[in-house]
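Below is one structure, written out as C-alpha cells; comments come after it.
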Amino acid sequence: MAHSTADDKLIKQTLTSAKTIAMVGVSSAKKEETSTKIRRRPSIIVMKYLQEFGYRTIPVNPFSKGKKIHGETIVAKLEDITIPIDIVNVFRPSKEAPVIAKQTIKVGAKALWLQFGIQNLEAQEIAQSANITCIANRCIKQEYQRLFLKMNPVFPVLLPD
Numbered sequence: 003m004a005h006s007t008a009d010d011k012l013i014k015q016t017l018t019s020a021k022t023i024a025m026v027g028v029s030s031a032k033k034e035e036t037s038t039k040i041r042r043r044p045s046i047i048v049m050k051y052l053q054e055f056g057y058r059t060i061p062v063n064p065f066s067k068g069k070k071i072h073g074e075t076i077v078a079k080l081e082d083i084t085i086p087i088d089i090v091n092v093f094r095p096s097k098e099a100p101v102i103a104k105q106t107i108k109v110g111a112k113a114l115w116l117q118f119g120i121q122n123l124e125a126q127e128i129a130q131s132a133n134i135t136c137i138a139n140r141c142i143k144q145e146y147q148r149l150f151l152k153m154n155p156v157f158p159v160l161l162p163d
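Going by my numbering, the sequence shown opens with residue 3, and the numbers climb by one from there.
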C-alpha cells in the first residue's frame with residue numbers, strides 16, 4: 003500500500019494527540035468459543051496492542067455489555083462512555099459506518115478510524131462535514147508500528163496462549 007506524506011502526517015498527528023480510543027465492534031466470546039480463539043481476533047489483538055502503548059481503550063459491543071476485555075468493561079454504545087473520546091476505531095462492516103460516523107459526531111470524538119478493509123464514502127463525508135478526521139481502510143496498530151516504531155514490514159501481534 004502506498005503511503006503519502008500528507009496521509010502519514012495526518013495519521014501521526016491523530017495518534018499523537020489521542021489518549022482514549024473507543025473500539026466499536028470488539029469481539030466477545032460466544033458460548034461455543036474458546037478463550038484462545040477470542041484472543042486471536044484482530045479487534046482483541048489491536049485493543050491489547052494499543053493499551054501496551056499507553057492508550058485507554060474502551061470496548062463497545064451491545065451483545066457483551068458489562069463483560070470485561072483486557073481489564074476494560076464493555077459498553078453497549080458510544081454514548082455510554084463517560085470520558086472524552088479521541089478516536090472511534092471501527093471493526094464493523096462498511097455498511098454500518100455512516101451510522102457510526104453520526105454517533106462519532108454526537109459524542110464529540112476527534113477522529114473516526116475505519117479499520118483495514120472498511121471503507122464507506124458516506125461515512126467519510128459525514129465525519130469530514132463535522133471537521134472530524136476520518137481515516138479509512140487502515141489498521142491503527144499497523145500504522146502505529148510503521149510510523150512510530152519504524153517497522154517495515156509491519157506484523158500482527160499474536161498473544162501467547
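Even glycine gets a Cβ: it sits at the ideal position worked out from N, Cα and C.
Separation of the CB atoms of ALA103 and ALA129 is rounded to 5 Å, and the pair is thereby assigned contact status at 8 Å.
ALA20 places its beta carbon less than 8 Å from that of ILE89. The Cβ-Cβ distance between ASN91 and ALA24 falls below 8 Å. At the C-beta level, THR135 and ALA113 come within 8 Å of one another. The criterion of a C-beta distance shorter than 8 Å is not satisfied by LEU149 and LYS67. For THR75, the closest of THR7, PRO44, VAL62 and GLU81 by C-alpha to C-alpha distance is VAL62.
Judged by their CB atoms, LYS143 and TYR57 are not nearer to each other than the 8 Å cut-off.
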